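S.K.: First, the structure itself, so that you have it in front of you.
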RNA sequence: AGGCAGGUGGCCGAGUGGUCGAAGGCGCACGACUGGAACUCGUGUAGGGUUAAUAGCCCUCGAGGGUUCGAAUCCCUUCCUGCCUGCCA
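In my numbering, the protein residues as written are 94 to 507.
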């Protein structure tokens, strides 16, 4: 959640920042008004409560001294009713505020390039030259068919469209990639975690998926549980509500999980093949960092993900997202896009974001800064999306006869 | 899933209607003592909101609701933990 006090005190600055992300100034005006109303409602309530408290103390004293409490009781009863009314008002004001506040996205960093959509993203660098083919490279679904690697039909039969089954060497390669990613991340200092694949609503609100993006999530019927859309949710919320000693920062975590997304709103996009599925595997990095160190941690995470692609021999480029393409919680995001020769395109394979204190405020993750508690910064990024890496290997390592080489670094895992 | 017992500060633990945000202990921090340390002694030590404020005030004893002038304490709901029974990888 964004800092309401900041909006109250630096309204124009806040409005300018959020405008870059496509948020209307009117909503912010409303938010500010609601915030002030809540504070007013609360202080009225608290004044009445203070009165009640002191009268109640008197009441006890009178009783002990054997004085008559009739008059006092009348006063206190009257005030009690007033409190109930004020409480109701405060409650309403709070609900109205949070309904708006929780739907407002994070501020983009000042340095993020301005733009409307992905067209305006900025390529920072390319890593590795794409290989030259002396034949026409196939797309991954054609290769999958030739090798019997992906069973799209039976995936659909078992679940529904946008599900698939990996078979034989593809299944083994998927597993090898997971292990390779986890080992690499662990060597970089990330603790490996194995977490629940379902999380409750409170956690999903902490990282920003709820309440606004409920339609993108699979919910378990009759339970307060959702299938996680990314390991960012359980990993970041590991410390939900906690106060960490400063000496423990940064907390670096990595974990493999399947990810479940309804892909609402992406009808018709990437329907062929395995680019966009309802379930996919991902190895995620999450960092809980000191606010002054989060930029360094961010760079490290980008470099780590890029290094993994390099180790796999996969050409990729590093792209800084523009303000309009930033996700809801992100202040800054760098995408890694891997080269897919079959599609003749770079496609997203990792997305690394610094959410600053946006998730920390929602999830109440803090650290002890001397005597005070301050919000941490949280960061997340894929290292890497497993299914898309599999696709990239298929397309980049294909031979003319349709067979696929295994990258050197993966051989020990197969 | 059923039965029983519980959920109090960083930890242990007292508290069954008012003077309790909470005894005592441990831990931790600072100070005194010391050449330095241990011991000992003293002081301090939850979170959130409002605020210029570490002043005052309000809220929080798992969570939510209720009874009461007044709730950590009584009642209801719910979540969680432990043990027993059942089921199960």
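Quick reminder that beta carbons are idealized off the backbone N, C-alpha and C, glycines included.
Every value quoted in this text rests on a predicted model; they were computed, and no experiment measured them.
Using only CA atoms, which one of 99, 446 and 440 lies nearest to residue 424?
M.R.: Nearest option by C-alpha distance: 446.
S.K.: Grab the span of the beta strand (DSSP E) containing residue 376 for me, first residue to last.
M.R.: Unbroken beta strand (DSSP E) run through residue 376: 372 to 382.
S.K.: Figure out for me which residue from 153, 139 and 158 has the closest Cα to the Cα of residue 178.
M.R.: Answer by Cα proximity: 139.
S.K.: If distances are taken between C-alpha atoms only, which option among 273, 481, 206 and 97 comes closest to residue 502?
M.R.: Among 273, 481, 206 and 97, the Cα nearest to that of residue 502 is on 273.
S.K.: Who are the Cβ neighbours of residue 253 in its own chain at under 8 Å, not counting the five residues just before and after it?
M.R.: Result list for residue 253: 371, in chain order.
S.K.: Among all the DSSP beta bridges, which residues are the ones paired with residue 460?
M.R.: Its beta-bridge partners are 337 and 467.
S.K.: Rounded C-beta distance between residue 41 and residue 377? I'm assuming under 8 Å.
M.R.: There is no way to answer for residue 41, as the model of the chain reaches only from 94 to 507.
S.K.: Which residues in the same chain have their Cβ closer than 6 Å to the Cβ of residue 481, if we skip the five residues on either side of it in sequence?
M.R.: Hits under 6 Å: 442.
S.K.: Which of helix, strand or coil does DSSP assign to residue 447?
M.R.: Here residue 447 sits in strand by DSSP.
S.K.: Would residue 460 pass as a contact of residue 383 if the rule is Cβ separation under 8 Å?
M.R.: Result yes, Cβ atoms of residue 460 and residue 383 sit closer than 8 Å.
S.K.: Between the beta-carbon of residue 483 and the beta-carbon of residue 267, is there less than 8 Å?
M.R.: Yes, they are a contact pair.
S.K.: In terms of alpha-carbon separation, which member of 142, 181 and 201 lies closest to residue 65?
M.R.: With the chain represented from 94 up to 507, any question about residue 65 goes unanswered, as that position is not in the structure.
S.K.: Would the region 339 to 352 count as touching the region 397 to 411 if we require 3 or more Cβ pairs under 8 Å?
M.R.: Flag = no, the region 339 to 352 and the region 397 to 411 do not touch.
S.K.: Which whole runs of the beta strand (DSSP E) in the region 277 to 363 are 3 residues long or more, in chain order?
M.R.: With a minimum length of 3 residues, the continuous beta strand (DSSP E) runs that stay inside the region 277 to 363 are 284 to 286, 336 to 338 and 344 to 353.
S.K.: Short of 8 Å in beta carbon distance, which residues of its chain neighbour residue 473, apart from the five on each side in sequence? Order them along the chain.
M.R.: 323, 325, 328, 329, 377, 378, 379, 380, 445, 446 and 448.
S.K.: Under 8 Å, do residue 429 and residue 398 count as touching if we go by C-beta distance?
M.R.: Closer than 8 Å, so yes.
S.K.: If we count the other Cβ atoms within 10 Å of its Cβ and call it buried at 16 or more, is residue 450 buried or exposed?
M.R.: The residue in question, residue 450, is buried, as its Cβ has 16 or more Cβ neighbours within 10 Å.
S.K.: Can you tell me the Cα-Cα spacing of residue 439 and residue 185, whole angstroms?
M.R.: Those two C-alpha atoms are separated by around 49 Å.
S.K.: Residue 287 to residue 175, Cα distance in whole Å?
M.R.: The straight-line gap from Cα to Cα measures roughly 51 Å.
S.K.: Mind checking which residues open and close the alpha helix (DSSP H) that includes residue 242?
M.R.: Element bounds for residue 242: n/a, residue is neither H nor E.
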